Amino acid sequence: MVGAKGWRKAGIISVFLAPSLVCLLAFSLGPMIATAWVSAHEWNLIRAPHFVGFGNYRELLHDEKFQRALTNTVYYLAGYLPLVMIGGLALALLLNKRVRFVGLFRALYFLPVVTSWVVVSLLWKWLLHPKDGVVNWALSMFGIHGPGWWTSRTWAIPSVILASVWKDLGFVMVILLAGLQAIPETLQEAALLDGATSLQRLRLVTLPLLTPSLFFVIIISLINGFQVFDQVWVMTGGGPAGSSTVVVEQIVKNTFSYGRAGYASAQSIVLFAVILIITAIQLRTQKRWVFYA
29 MVGAKGWRKA GIISVFLAPS LVCLLAFSLG PMIATAWVSA HEWNLIRAPH
79 FVGFGNYREL LHDEKFQRAL TNTVYYLAGY LPLVMIGGLA LALLLNKRVR
129 FVGLFRALYF LPVVTSWVVV SLLWKWLLHP KDGVVNWALS MFGIHGPGWW
179 TSRTWAIPSV ILASVWKDLG FVMVILLAGL QAIPETLQEA ALLDGATSLQ
229 RLRLVTLPLL TPSLFFVIII SLINGFQVFD QVWVMTGGGP AGSSTVVVEQ
279 IVKNTFSYGR AGYASAQSIV LFAVILIITA IQLRTQKRWV FYA
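The working numbering numbers the first residue of the sequence shown as 29 and each following residue consecutively.
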């Protein structure tokens with residue numbers, strides 16, 4: 029049994045944790061519980077909610093728009109994740125060297141990260157404009173007829189991927205750069221004395237010791253990728269003809285445009301479950317490829 033001293037200690041700890049716990053309950057756990065409750069109702073945000081049980085979830089099973097949105101979200105991730113990881117790693121390796129103005133280059137590459145998504149999306153919407161965009165103008169200089177980008181059903185998602193990768197490269201770079209600088213120089217020097225080439229040092233020394241940072245970035249990028257919304261909303265609006273619609277965009281439209289807050293909440297719960305399952309799988313399999321020194 030817990031004695032008086034133990035209860036006193038628990039009380040002191042609770043006092044110090046109280047501000048964080050209040051914020052957690054008010055802005056995280058509270059809304060999650062409320063979302064689960066709303067998902068079992070029909071509610072247009074005006075009239076009183078009407079209980080429907082699992083009716084919203086049953087409807088999701090046959091909703092082609094939601095299935096297409098989920099497919100497009102996975103398609104976005106399949107293009108976004110490899111590009112942002114490879115690009116971020118390449119930048120980190122380049123900026124880990126002792127060169128002049130390296131601090132300036134790091135700041136420039138990180139600048140898009142702290143820029144508003146709306147600003148970035150509008151910038152890339154202009155760059156990728158089918159007629160007046162800089163990208164198609166540059167392609168025409170080489171005799172290449174540029175695609176319709178965000179006005180094309182084929183190129184709408186790739187347009188969003190390009191904007192997202194450009195914005196998030198700096199974040200991945202900073203995390204991986206911190207991981208690179210935590211690798212002891214003595215290990216690199218030992219490999220060099222053993223006759224290892226630059227590529228061998230990268231493959232056998234750098235990358236294995238960088239796996240904790242890579243694992244963290246993959247987890248964060250996947251979670252953020254499943255919640256992609258701002259750039260889609262600004263650049264394509266989910267079009268043309270629903271070719272770039274994603275799950276969060278469907279949730280927003282169902283809630284505020286169609287007055288179906290209960291159905292949107294069910295979509296949120298399903299998206300949360302998908303993210304939770306994928307994250308749990310990654311945490312479960314990390315022992316196979318993540319090496320902690």
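No residue lacks a Cβ here, since even glycine has one placed at the ideal position from N, Cα and C.
The structure presented is a predicted model; accordingly, all values stated were derived computationally and were not measured.
Cβ pair residue i, residue j closer than 7 Å
i      : j      : result
Ser296 : Ile279 : yes
Ala97  : Val274 : yes
Phe254 : Ile189 : no
Asn164 : Gly176 : no
Leu220 : Asn124 : no
Val66  : Gly287 : no
Phe79  : His69  : yes
Val147 : Pro240 : no
Leu120 : Leu205 : A quick correction: the sequence has Ala, not Leu, at residue 120. It is a contact, given that the beta carbons lie within the stated cut-off.
Phe257 : Val276 : yes
Ala294 : Asn100 : no
Residue i versus residue j - alpha carbon distance
i      : j      : result
Ala46  : Ala54  : 12 Å
Leu197 : Pro110 : 11 Å
Gln259 : Ala184 : 11 Å
Phe129 : Ala38  : 51 Å
Ser272 : Val245 : 25 Å
Thr182 : Ala64  : 35 Å
Gly115 : Phe284 : 37 Å
Gly329 : Thr307 : Any question about residue 329 goes unanswered here, given that the chain covers just 29 to 321.
Gly58  : Val50  : 10 Å
Pro77  : Val142 : 39 Å
Leu122 : Thr214 : 20 Å
Ser144 : Trp261 : 14 Å
Glu217 : Leu117 : 21 Å
Val112 : Phe133 : 18 Å
Met169 : Phe243 : 41 Å
Asp160 : Leu150 : 14 Å
Val15  : Gly223 : Not covered by the structure: residue 15. The range shown for the chain is 29 to 321.
Phe94  : Ile305 : 19 Å
Ser48  : Arg312 : 28 Å
Val162 : Gly266 : 23 Å
Trp152 : Gly131 : 26 Å
Met60  : Pro186 : 32 Å
Ala166 : Ile172 : 9 Å
Ser42  : Ser56  : 19 Å
Phe44  : Ser180 : 54 Å
Asn72  : Glu92  : 22 Å
Pro75  : Leu52  : Checking the sequence shown, residue 75 turns out to be Arg, not Pro. Approximately 29 Å, taken between the alpha carbons.
Integer-rounded CB distance, given that residue j should sit under 8 Å from residue i
i      : j      : result
Met263 : Trp178 : 5 Å
Ile211 : Thr225 : Their Cβ separation, rounded to whole angstroms, is 17 Å, which puts Ile211 and Thr225 out of contact at 8 Å.
Asn282 : Ala292 : 4 Å
Neighbour flag for residue i against chain D, beta carbons, 7 Å
i     : result
Asn84 : Within the model displayed, chain D is absent; a lone protein chain is all it includes.
Closer than 6 Å: residue i CB and nearest the ligand ATP heavy atom
i      : result
Val260 : Of ligands this structure carries none, so the ligand ATP is not represented either.
Which parts of the region 209-271 are runs of the alpha helix (DSSP H), unbroken and 4 residues or longer, counting only runs that do not cross its ends? Counting only runs of 4 or more residues that sit fully inside the region 209-271, the alpha helix (DSSP H) segments are 213-221, 226-229, 235-254, 258-263, in chain order.
Using 8 Å as the cut-off, can you tell me whether the region 133-151 makes contact with the region 201-213, which would need three or more C-beta pairs spanning the two stretches below that distance? yes
Three or more C-beta pairs under 8 Å: does that hold for the region 100-117 against the region 242-251? yes
With a threshold of 8 Å, are at least 3 pairs of Cβ atoms found where one atom belongs to the region 152-164 and the other to the region 175-190? yes
The region 74-89 in contact with the region 222-238 per 3-pair CB rule at 8 Å: Judged by Cβ distances under 8 Å, the region 74-89 makes no contact with the region 222-238, as fewer than three pairs qualify.
Which runs of the alpha helix (DSSP H), 4 residues or longer, sit entirely within the region 109-141? Fully enclosed alpha helix (DSSP H) runs of 4 or longer: 130-138.
Please go through the region 132-189 and give each complete beta strand (DSSP E) segment of 3 or more residues, from N-terminal end onward. Here no run is fully enclosed.
Go through the region 45-116 residue by residue and report every complete run of the alpha helix (DSSP H) that reaches 4 residues or more, in order. 58-66, 83-88
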